[in-house]
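Take a look at the structure below.
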Amino acid sequence: MWALRIKGVEYDYIEEDLRNKSNLLLECNPVHKKVPVLIYQGKPIAESDVILEFIDDVWKDLRYRILPEDPYECAMARFWSKFGLDKLSPPIWKWFTTQGKEQEDAYEAAMEQLLVLEKVLDEKKFFGGERIGFVDLSLGSLSYVIPIYEDITGVRLITSDKFPWLSAWMEGFLGLPLVKEHLLPLDKLRPSDLGKRFGLGFYLGA
1 MWALRIKGVE
11 YDYIEEDLRN
21 KSNLLLECNP
31 VHKKVPVLIY
41 QGKPIAESDV
51 ILEFIDDVWK
61 DLRYRILPED
71 PYECAMARFW
81 SKFGLDKLSP
91 PIWKWFTTQG
101 KEQEDAYEAA
111 MEQLLVLEKV
121 LDEKKFFGGE
131 RIGFVDLSLG
141 SLSYVIPIYE
151 DITGVRLITS
161 DKFPWLSAWM
171 EGFLGLPLVK
181 EHLLPLDKLR
191 PSDLGKRFGL
201 GFYLGA
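Numbering (the UniProt record's numbering), first residue to last: 1 to 206.
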């Protein structure tokens, strides 16, 4: 949704309950049976980063480019996005959903990957520099769910003393009008809502 808003593209949003998957989801993404899915001119596009690149390509003449124009910077943006999705998201989820030794190991694995991203930010406001870009949009949901996971588990994953740049990035990302205006306040989100609210949705473009 964030990428479409940045581009100024109007769309319809359909929520999907992953505990009771609709025929529409199964038809649009029969391989992974997951969301998000973008339906553009009746054709479905699945997977978050694929959707981001598609949006940037289709509406490339609009006011905002999500991927860098420079080929090297573009490749690096794809690399760090994939790093976050493949190396960081799994241990964070495992840390939240397990207990005991398994949870401790997941916590250490997540901390190790967070330190890598901390070095990548290296005093930048966003991964894209002074404005949000591909990596920010790809990993932005973590800035919302990590505090929720921390509140539920009672364990802090990201602190300003250990991760000053990631902490500032999370605060800056969540403070963007296009983000904060469409998020449920953290104090109103129940633990039982997590599976329902994250990763649900179809975005129907023109």
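Cβ atoms here follow ideal geometry from the backbone N, Cα and C, with glycine treated the same way.
So who's on the other strand from residue i, going by DSSP bridges?
i, result
"residue 44", "39"
If we count the other Cβ atoms within 10 Å of its Cβ and call it buried at 16 or more, is residue i buried or exposed?
i, result
"residue 190", "Because residue 190 carries a pLDDT of 49, less than 50, the predicted location of this residue cannot be relied on, and no value is offered for it."
"residue 107", "buried"
"residue 8", "exposed"
"residue 23", "exposed"
"residue 20", "exposed"
"residue 135", "buried"
"residue 143", "buried"
"residue 139", "buried"
"residue 31", "exposed"
"residue 48", "buried"
"residue 92", "buried"
"residue 3", "buried"
"residue 110", "buried"
"residue 56", "buried"
Any idea what DSSP makes of residue i, helix, strand or coil?
i, result
"residue 163", "coil"
"residue 128", "coil"
"residue 59", "coil"
"residue 99", "coil"
"residue 33", "coil"
"residue 182", "coil"
"residue 1", "coil"
"residue 84", "helix"
"residue 175", "coil"
"residue 21", "coil"
"residue 52", "helix"
"residue 156", "coil"
"residue 105", "helix"
"residue 116", "helix"
"residue 27", "helix"
Quick check on the DSSP output: the alpha helix (DSSP H) that includes residue i runs from which residue to which?
i, result
"residue 14", "Note, residue 14: premise wrong, no alpha helix (DSSP H); beta strand (DSSP E) at 12 to 14."
"residue 144", "142 to 153"
"residue 136", "134 to 139"
"residue 69", "Taken as a continuous stretch (DSSP letters only), residue 69 belongs to no alpha helix (DSSP H), as it is neither H nor E."
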